[in-house]
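Residue numbering for the sequence shown follows the UniProt record's numbering, starting at 1 and increasing by one per position.
We put the beta carbon where it would ideally sit given N, CA and C, even for glycine.
The block underneath contains the structure these notes are about, expressed in structure tokens.
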Amino acid sequence: MDSLKKKFMWSNLKASRSLSKPTLYVKSINDETQLIVSLYVNDLLVAGGDRELLVNFKTKIQQHFDMSDLGLMSYFLAMEVTQAEKGIWLSQKTFAMKILNKFSMENCKATSTPVAVGEKLSSQDKHEKVCETTYRSLVGCLLYLTATRLDIMYVVSLLSRFMHCSNESHFRAAKRVLRYIKGTLSYGMLFTKAENLKLVGYCDSDWAGSLDDMKSTSGYAFNLGSTMICWSSKE
């Protein structure tokens, strides 16, 4: 990937590398973003509002590399993409079903919330230890799912704190998230067209909520227009 990125930068495509996202390149004309290119290993995603510019970009880059144009994106890195006139729909339904099958929860009873009301988890719980490899694998899968499922961000962030000391109470809480996912497989994100792209942010915190060190959990979410574009939950 490093070689590909270097060649990309040295080419005459005149795309600037993002300072915050090393695999993201932006081509601007008159200080307006016209083209966005995202790299993952040897795969590229290209987005832009000018169809002629997109065609020219693909033509030029194919002069530098042997590439196949797969057309309009519909699936990428376990993310399903549906592009229509009303907007773009992102989901990870297939990946979510794979998680359920992997942990033998495909036939579980669904629940309406990802975490029980008032539940507090601690590393000091006197519960029997569970296999850390299995627990880490489950939490890792759930973390990947948060790419389109901000509704589980808080509880997955909470579960990730116990990777080194997982016990039955932590694993039970993680399986509850799977039960919630079972009932919400159709959930995803819709990016709609909008005239007014106003940026609105929200924040909240669970003040001194940790039973282990009394640290707070803070979270934020930002909307651009009608769509959530950025969210986080961390201690």
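Alpha-carbon spacing of residue i relative to residue j, whole angstroms
{"i": "residue 98", "j": "residue 49", "result": "34 Å"}
{"i": "residue 126", "j": "residue 168", "result": "9 Å"}
{"i": "residue 137", "j": "residue 224", "result": "33 Å"}
{"i": "residue 182", "j": "residue 221", "result": "24 Å"}
{"i": "residue 23", "j": "residue 128", "result": "43 Å"}
{"i": "residue 40", "j": "residue 122", "result": "37 Å"}
{"i": "residue 234", "j": "residue 21", "result": "20 Å"}
{"i": "residue 213", "j": "residue 199", "result": "34 Å"}
{"i": "residue 109", "j": "residue 28", "result": "50 Å"}
{"i": "residue 10", "j": "residue 70", "result": "For residue 10, the pLDDT reaches just 45, beneath the cut-off of 50, and the residue's location in the model is therefore unreliable, although a value from the coordinates is still provided. Taking the straight line joining both Cα atoms gives about 25 Å."}
{"i": "residue 1", "j": "residue 187", "result": "Interpretation of residue 1 is limited by its pLDDT of 48, a score under 50 that renders its predicted location unreliable; no figure is taken from the coordinates."}
{"i": "residue 14", "j": "residue 229", "result": "27 Å"}
{"i": "residue 246", "j": "residue 43", "result": "In this structure the chain extends from 1 to 235, so residue 246 is not present and cannot be described."}
Residue nearest to residue i in terms of C-alpha spacing, selected from the options
{"i": "residue 84", "options": "74, 78, 93", "result": "74"}
{"i": "residue 116", "options": "205, 174, 100", "result": "174"}
{"i": "residue 176", "options": "51, 103, 42, 24", "result": "103"}
{"i": "residue 78", "options": "226, 159, 146", "result": "146"}
{"i": "residue 113", "options": "179, 101, 171, 149", "result": "179"}
{"i": "residue 262", "options": "143, 111, 149", "result": "Here the chain covers residues 1 to 235 and nothing more, so residue 262 does not appear."}
{"i": "residue 170", "options": "47, 139, 202, 215", "result": "139"}
{"i": "residue 196", "options": "226, 165, 216, 231", "result": "226"}
{"i": "residue 154", "options": "63, 17, 120", "result": "120"}
Presumed contact (8 Å Cβ cut-off) between residue i and residue j, rounded CB distance
{"i": "residue 34", "j": "residue 53", "result": "6 Å"}
{"i": "residue 192", "j": "residue 87", "result": "4 Å"}
Residue i: first and last residue of the uninterrupted alpha helix (DSSP H) it sits in
{"i": "residue 52", "result": "51-61"}
{"i": "residue 67", "result": "First-last for residue 67: undefined, no H or E at that position."}
{"i": "residue 97", "result": "93-102"}
{"i": "residue 182", "result": "168-182"}
{"i": "residue 150", "result": "From DSSP, residue 150 is part of no alpha helix (DSSP H); its letter is neither H nor E."}
First and last residue of the uninterrupted beta strand (DSSP E) at residue i
{"i": "residue 137", "result": "Run containing residue 137: none in the beta strand (DSSP E); it sits in the alpha helix (DSSP H), 132-145."}
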